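Protein chains in written order, with the numbering used here: chain A, 18 to 169; chain B, 110 to 246. Glycine residues also receive a C-beta, built at the ideal position from the N, C-alpha and C atoms. Only a predicted model underlies this, so the values are computations on that prediction, with no experimental measurement involved. The next block holds one structure in the form of structure tokens; read it before the comments.
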Amino acid sequence: MAIILLCVNFAPLIKIMVYLTRVEHFNAAHKLYNPAWSREQNDAVFGRCANENWHGHNFELFVTVKGDPNPDTGFIVDAKMLGRIVKDSIIEKLDHRNLNLDVDFMRDKMCSIENLVIGIWNELKPLIPTGVELHCIKLVETPRIYVEYYGD
Amino acid sequence: MIRKVSVFRHEHFNAAHRLNNPEWDESTNERVFGKCNRPHFHGHNYELIVRVTGEPDPKTGFVMDMKILSDIIIDKVVNKFDHRNLNLDTEEFKNLNPTAENIAIVIHDLLRTEIDDALELKVILYETPRNYVEYPA
């Protein structure tokens, strides 16, 4: 029986992981309303959020990526470029819009911030530059309510 | 010697609106109001600060009982505008563009009749963390 010993020097594989967050914002209208339910049931579950004529919020969006600083730039990612990606792919679609009516990736979904943060994750994930990984999206609906999504 | 003190109460409401002048054509509305004119509305977390100024009552030490001030703001303003569409759901903005300026004036007038005439009243309204208005100026 042959015994093969592999000797590996692990030292160069130790990475320093840094998290970078880009903050953007948008203002939008929405309502929480399940069309399969009666008006009474919607009012009972969603309260004032089910108002037929919408209400709205100033949303704050935190996009966090993680990676190892590039030795030449010191960056894990160009934060300005990340901001441009978030603005072009997400903010442009959501800002000053009606989230129920105007947003392609929210069509036929309940317009909660939970579903919205998942939708934003799915839109952004393929656009994240190589070398960094999308870590977390935090979406703040009011100063007192926010959600976080880590992709799992 | 008159010693006036200002007391402040902070409340908030979330509402949808759009900015549109029905007397203008669509291209003029778009040019003037931009994204705020979009037909399906957008919305904000409005932060409302109400300032009442006067001399503390020698018997209570209060300019105004803050609990009463809060109850008045909730009753007259927050219950009217919170989780509403300002254009569609409120009498006040049926024929008035719901800009932050006009909302502040409307809120002031709703509160003014409820607060002692001897006290000064100012309304500060944040439409976003970066945009806010004051009335009276």
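Sort out for me which residues DSSP pairs B/Arg193 with in a bridge. To locate residue 193 of chain B, count along the second sequence from 1; it is residue 84. Paired residue(s): B/Ala124.
Would you kindly work out how many angstroms separate the C-alpha atoms of B/Ala227 and B/Asn211, rounded to a whole number? Against the second sequence, residue 227 of chain B aligns to sequence position 118. Against the second sequence, residue 211 of chain B aligns to sequence position 102. Their backbone Cα atoms lie some 24 Å apart in a straight line.
State buried or exposed for A/Glu158, treating a residue as buried only when at least 16 other CB atoms are found within 10 Å of its CB. Residue numbering aside, residue 158 of chain A sits at position 141 when the first sequence is read from its first letter. By the neighbour-count rule (16 or more Cβ atoms within 10 Å), A/Glu158 is buried.
Show which residues of chain A have a CB atom less than 8 Å away from the CB atom of B/Asn123. Position 14 of the second sequence, counting from 1, holds the residue named residue 123 of chain B. Within chain A, the residues near B/Asn123 are His72, Gly73, His74, Thr159.
Given that B/His149 touches chain A, what residues does it touch there, using C-beta distances under 9 Å? On the second sequence, position 40 is the one that residue 149 of chain B refers to. Within chain A, the residues near B/His149 are Ala46, Trp71, Arg114, Asn115, Asn117, Leu118, Asp119.
CB contact below 7 Å: B/Thr137 versus chain A: The sequence position of residue 137 of chain B within the second sequence is 28, counting from 1. No, B/Thr137 lies away from the interface with chain A (no Cβ there is under 7 Å from its Cβ).
Need the endpoints of the beta strand (DSSP E) that A/Glu41 sits in, please. As a position in the first sequence, residue 41 of chain A is number 24, starting the count at 1. Its beta strand (DSSP E) spans residues 35 to 47.
Is it a yes or a no for the region 159 to 170 of chain B touching the region 30 to 49 of chain A, going by three-plus beta-carbon pairs under 8 Å? no
Quick one: which residues of the region 189 to 200 of chain B get their C-beta closer than 7 Å to a C-beta of chain A? List them in chain order. Asp191, His192, Arg193, Asn194, Leu197, Asp198
Once the 5 residues before and after B/Ser115 are set aside, which same chain residues still bring their CB inside 6 Å of it? Numbered from its first residue, the second sequence carries residue 115 of chain B at position 6. Excluding residues within five positions, the ones whose Cβ falls inside 6 Å are Arg160, Thr162.
Sequence-distant residues of the same chain with beta carbon closer than 6 Å to A/Leu99, five excluded per side: Locating residue 99 of chain A in the first sequence gives position 82, where the first residue counts as 1. Around A/Leu99: Arg39.
Looking at chain D, is there any beta carbon in it that lies within less than 7 Å of the beta carbon of A/Arg39? This model lacks chain D altogether; the protein chains it does include are A and B.
First and last residue of the uninterrupted alpha helix (DSSP H) at B/Lys185: Within the second sequence, numbered from 1, the residue matching residue 185 of chain B stands at position 76. No alpha helix (DSSP H) contains B/Lys185, which DSSP labels as neither H nor E.
Where A/Thr147 sits in the DSSP three-state scheme: Translated into positions along the first sequence, residue 147 of chain A becomes position 130. Of the three classes helix, strand and coil, the one that applies to A/Thr147 here is coil, per DSSP.
Near A/Met18, which residues of its chain fall below 6 Å by C-beta distance, leaving aside the five closest residues on each side in sequence? Taking the first residue of the first sequence as 1, we reach residue 18 of chain A at position 1. Residue placement at A/Met18 is poorly supported in this model, since its pLDDT is 47, which falls under 50; the coordinates still yield a value, given next. Hits under 6 Å: none found.
Against chain A, does B/Asn154 count as a neighbour if the rule is that its beta carbon must be under 7 Å from one of theirs? Translated into positions along the second sequence, residue 154 of chain B becomes position 45. Yes, because at least one Cβ of chain A sits closer than 7 Å to the Cβ of B/Asn154.
Consider the Cβ of A/Arg56: report whether some Cβ of chain B lies at a distance smaller than 7 Å. On the first sequence, position 39 is the one that residue 56 of chain A refers to. Cβ-Cβ to chain B under 7 Å: no for A/Arg56.
Skipping 5 residues on each side, what residues in its chain have a beta carbon closer than 7 Å to that of B/Asn146? Here residue 146 of chain B refers to the residue found at position 37 of the second sequence. Within the same chain, B/Asn146 has close Cβ partners Arg127, Leu128, Asn129, Asn138, Glu139.
Tell me whether B/Ala246 counts as near the ligand FAD, meaning its Cβ is closer than 6 Å to at least one heavy atom of that ligand. The model depicted lacks the ligand FAD and carries no ligand whatsoever.
In whole angstroms, give me the CA-to-CA distance for B/Glu236 and A/Glu77. On the second sequence, residue 236 of chain B is found 127 positions in, with the first residue counted as 1. On the first sequence, residue 77 of chain A is found 60 positions in, with the first residue counted as 1. So the two alpha carbons sit approximately 14 Å from each other.
List the endpoints of the continuous beta strand (DSSP E) containing A/Phe63. Locating residue 63 of chain A in the first sequence gives position 46, where the first residue counts as 1. Looking at the DSSP string, A/Phe63 is not in any beta strand (DSSP E); the run it does join, the alpha helix (DSSP H), is 56 to 63.
Rounded to the nearest angstrom, what separates A/Gly73 and B/His192 at their Cα positions? If you number the first sequence from 1, residue 73 of chain A lands on position 56. If you number the second sequence from 1, residue 192 of chain B lands on position 83. Those two C-alpha atoms are separated by around 7 Å.
CA-to-CA distance, B/Lys231 to B/Ile177, given in whole angstroms: As a first step, residue 177 of chain B is located in the second sequence; it is residue number 68 there, counting from the start. As a first step, residue 231 of chain B is located in the second sequence; it is residue number 122 there, counting from the start. Each residue's Cα considered, the two are about 17 Å apart.
I'd like the list of long-range same chain contacts for A/Val120, defined as Cβ closer than 7 Å, with 5 residues on each side in sequence excluded. For the purposes of this step, residue 120 of chain A is taken as residue 103 along the first sequence, with counting starting at 1. Hits under 7 Å: Lys110, Leu111, Arg114.
Report, in whole angstroms, the separation of the C-beta atoms of B/Glu243 and B/Ile183, which I expect to be a contact under 8 Å. Start at 1 with the first residue of the second sequence, and residue 243 of chain B comes out as number 134. Start at 1 with the first residue of the second sequence, and residue 183 of chain B comes out as number 74. In fact, because the Cβ distance is near 21 Å, the residues do not count as touching under 8 Å.
Which residues in chain B sit within 7 Å of A/Asn132, going by Cβ to Cβ distance? Translated into the one-based positions of the first sequence, residue 132 of chain A becomes position 115. Going along chain B, no residue has its Cβ under 7 Å from A/Asn132, so there is no contact; the nearest lies around 17 Å.
Could you name the residues of the same chain whose beta carbon sits closer than 6 Å to that of B/Ile216, not counting the 5 residues immediately before and after it, in chain order? Locating residue 216 of chain B in the second sequence gives position 107, counting from the first residue. Val186, Val232, listed in sequence order.
Would A/Arg65 count as contacting chain B if we go by Cβ distances under 7 Å? On the first sequence, position 48 is the one that residue 65 of chain A refers to. Yes, its Cβ sits closer than 7 Å to a Cβ of chain B.
Pick from B/Trp133, B/Arg112, B/Met173, B/Asn123 that is closest to B/Lys153, judged by C-alpha positions: Indexing the second sequence from 1 puts residue 153 of chain B at position 44. Before going further, note that residue 153 of chain B is His rather than Lys in the sequence given. For B/His153, the nearest C-alpha among the options comes from B/Asn123.
Excluding sequence positions up to five away, which residues of its chain have a Cβ less than 6 Å from the Cβ of B/Ala125? Reading the second sequence from its first residue, position 16 is the one you call residue 125 of chain B. Closer than 6 Å at the Cβ level, and outside the excluded window around B/Ala125, lie Phe150, Gly152, Asn194.
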